[in-house]
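Encoded as structure tokens, the structure appears first; notes follow it.
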């Protein structure tokens, strides 16, 4: 007996049904790796970022996420190089889908119960995705932006529904716009935190701040950047 096609589970309905002490014996998700490429690269290594965004609400299976990751990763390695990118899968499959298995062999009508007790058993895992939610992100250097867009275009074919490819305005995976990031970096307001960065503000007692983090003005006012 083959696997049931995922079009049966594509629509989001009802509440989330995650694995818990009440929902046991759930199969492992197909996707086990969420970061590939030069994932330990510092935040300053890759200033540009390209996103694959879902344009429909629905469920995305863990098999589709794994297939998309493999397709994008293979293209980036072939045409960009192993150390030219950092690919991250942004959604995690936690929602359990169920199946009420029916027997198809001869004499099955004597054994199966039809719709009696049809709640079903755990069958697989999927991610519940909203409109505008990011599925995959690739941070790259400026020269590799076109390659990353093509890699995500190939990954699109692994998903049902509509997706859009968007080139981000922010620096890498950080929430800070590129132009503002460069200015804050020159002012010494950006502290590297591996893949991400911390924006140093001017709040809190002076006695609690380390040396070199004394600034007269705030970096942002109501999330709007402020530069001297």
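In the numbering used here, the protein residues as written are 2 to 229. A virtual CB, placed ideally from N, CA and C, is assigned to each residue, including glycine.
How far does the beta strand (DSSP E) with residue 122 in it reach, from first residue to last?
For this step, residue 122 is matched to residue 121 along the chain shown. Residue 122 -> beta strand (DSSP E) spans 122-130.
Tell me residue 53's beta-bridge partners as DSSP assigns them.
Within the chain shown, numbered from 1, the residue matching residue 53 stands at position 52. 137 and 166, per the DSSP bridge assignment.
Do the CB positions of residue 77 and residue 139 come within less than 8 Å of each other?
Sequence index remark: in the chain shown, residue 77 carries index 76 (1-based). Sequence index remark: in the chain shown, residue 139 carries index 138 (1-based). The answer is yes: Cβ separation under 8 Å.
If you measure between the beta carbons of residue 26 and residue 127, is that distance less than 8 Å?
Sequence index remark: in the chain shown, residue 26 carries index 25 (1-based). Sequence index remark: in the chain shown, residue 127 carries index 126 (1-based). In this structure, residue 127 does not lie closer than 8 Å to residue 26 by Cβ.
Whole alpha helix (DSSP H) runs in the stretch 63-123 with 4 or more residues, listed along the chain?
The qualifying runs are 63-80.
Per DSSP, what kind of secondary structure is residue 198 in: helix, strand or coil?
Taking the first residue of the chain shown as 1, we reach residue 198 at position 197. If DSSP states are grouped into helix, strand and coil, residue 198 belongs with the strands.
What's the call for residue 164, buried or exposed, on a 16-neighbour Cβ count within 10 Å?
Here the question's residue 164 lines up with position 163 in the chain shown. Counting every other CB atom within 10 Å of its CB across the protein chains shown gives residue 164 a total of 16 or more, marking it as buried.
Based on the DSSP output, what are the partners of residue 21 in its beta bridges?
Numbered from its first residue, the chain shown carries residue 21 at position 20. In the DSSP secondary-structure assignment, residue 21 is not bridged to any residue.
For the 8 Å Cβ check, are there 3 or more pairs between the stretch 137-155 and the stretch 71-90?
Enough Cβ pairs lie closer than 8 Å, so yes.
Mapping the DSSP letters down to three states, classify residue 39 as helix, strand or coil.
For the purposes of this step, residue 39 is identified with residue 38 of the chain shown, where counting begins at 1. Looking at residue 39 - three-state DSSP - the assignment turns out to be coil, as it is neither helix nor strand.
Where residue 9 falls, given that 16 or more other Cβ within 10 Å makes a residue buried:
Start at 1 with the first residue of the chain shown, and residue 9 comes out as number 8. Here residue 9 is exposed: its Cβ has fewer than 16 other Cβ atoms, across all protein chains shown, within 10 Å.
Residue 214 (DSSP reduced to helix, strand or coil)
Counting from 1 along the chain shown, the entry for residue 214 is found at position 213. If DSSP states are grouped into helix, strand and coil, residue 214 belongs with coil.
Of the choices 15, 24, 41 and 43, whose alpha-carbon is the least far from that of residue 60?
Locating residue 60 in the chain shown gives position 59, where the first residue counts as 1. Checking every option, the nearest Cα to that of residue 60 belongs to 15.
Inter-residue spacing [alpha-carbon to alpha-carbon] between residue 184 and residue 148:
As a first step, residue 184 is located in the chain shown; it is residue number 183 there, counting from the start. As a first step, residue 148 is located in the chain shown; it is residue number 147 there, counting from the start. For residue 184 and residue 148, the distance between alpha carbons rounds to 28 Å.
Can you grab the Cα-Cα spacing for the pair residue 54 / residue 212, in whole Å?
In the chain shown, residue 54 corresponds to position 53, counting from 1. In the chain shown, residue 212 corresponds to position 211, counting from 1. For residue 54 and residue 212, the distance between alpha carbons rounds to 41 Å.
Residue 34: buried (16+ other C-beta within 10 angstroms of its C-beta) or exposed?
As a working mapping, residue 34 is identified with position 33 in the chain shown. Burial call: exposed.
Integer Cβ distance of residue 98 from residue 66, believed to fall under 8 Å:
By 1-based counting over the chain shown, the position of residue 98 is 97. By 1-based counting over the chain shown, the position of residue 66 is 65. Wrong, their Cβ atoms sit about 14 Å apart, outside the cutoff.
Beta-carbon separation (whole angstroms), residue 166 vs residue 51, contact threshold 8 Å:
Reading the chain shown from its first residue, position 165 is the one you call residue 166. Reading the chain shown from its first residue, position 50 is the one you call residue 51. The distance from the Cβ of residue 166 to that of residue 51 is about 7 Å, consistent with a contact at the 8 Å cut-off.
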